[in-house]
Structure formats: C-alpha cells, structure tokens
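Here the structure comes first, spelled out in structure tokens, and everything after it is commentary.
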Amino acid sequence: MFTDGDPTEQTTPRQYLVKCDGCSFEQSADGRDEAATIGNGHHRETNHDVIAVEVPPSVTSS
Ligand SMILES: [Zn+2]
Numbered sequence: 001m002f003t004d005g006d007p008t009e010q011t012t013p014r015q016y017l018v019k020c021d022g023c024s025f026e027q028s029a030d031g032r033d034e035a036a037t038i039g040n041g042h043h044r045e046t047n048h049d050v051i052a053v054e055v056p057p058s059v060t061s062s
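Take 1 as the starting number for the sequence shown in the UniProt record's numbering and just add one per residue.
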C-alpha cells in the first residue's frame with residue numbers, strides 16, 4: 001500500500017512576469033501557458049515583442 005508520493009503530483013505553477021519591449025506593459029502570470037497567452041494577446045494587439053521572465057517564489061511579504 002503506497003500512501004506517500006504521487007507520481008502525478010502537481011507542482012505549484014511558476015510565476016512569470018510578462019514584459020513588453022516596446023512599451024511599459026507588464027503583467028504577472030501563473031505558469032508558462034498563461035504567460036504565453038498574455039504575451040500573444042499583447043503582441044496581437046500592438047505588434048510589440050514581449051518577454052516572459054520567471055519570478056522566483058517570494059518567501060517574504062510585508
Ligand atoms: Zn507593448
């Protein structure tokens with residue numbers, strides 16, 4: 001009987017910050033898929049190039 005360790009265990013989605021090269025657009029996203037969706041949406045609207053920067057999980061919040 002196995003009670004610990006699920007091989008399909010999900011990890012917390014990583015936080016990304018989607019930034020634009022052509023304007024001050026910035027938006028955070030949960031996971032790569034959402035970051036890509038946001039980036040594609042902005043690119044489609046403005047034809048700007050966007051980049052997604054991975055944000056390390058913050059351990060402190062004050
Ligand atoms: Zn832009």
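The beta-carbon is built from N, C-alpha and C at its ideal position, and this holds for glycine as well.
No experiment lies behind these values; they were computed from the predicted model shown.
Review point. Can Asp30 be considered in contact with ligand 1, in the sense that its beta carbon sits closer than 8 Å to one or more heavy atoms?
Key: no
Review point. Near ligand 1, which residues have their beta-carbon closer than 5 Å to a heavy atom?
Key: Around ligand 1, the residues selected by a Cβ distance under 5 Å to any of its heavy atoms are Cys20, Gly22, Cys23, Phe25, Thr46, His48, following chain order.
Check your understanding: Cα-Cα, which of Glu34, Asn40, Arg14 is closest to Cys20?
Key -> For Cys20, the nearest C-alpha among the options comes from Asn40.
Review point. Among the residues of its own chain, which have a CB less than 6 Å from the CB of Leu17, if the five just before and after it don't count?
Key: Closer than 6 Å at the Cβ level, and outside the excluded window around Leu17, lie Ser28, Val53, Val55.
Check your understanding: If you drop the 5 nearest sequence neighbours on each side, which residues of the same chain put their C-beta closer than 7 Å to that of Ile51?
Key -> Lys19, Asp21
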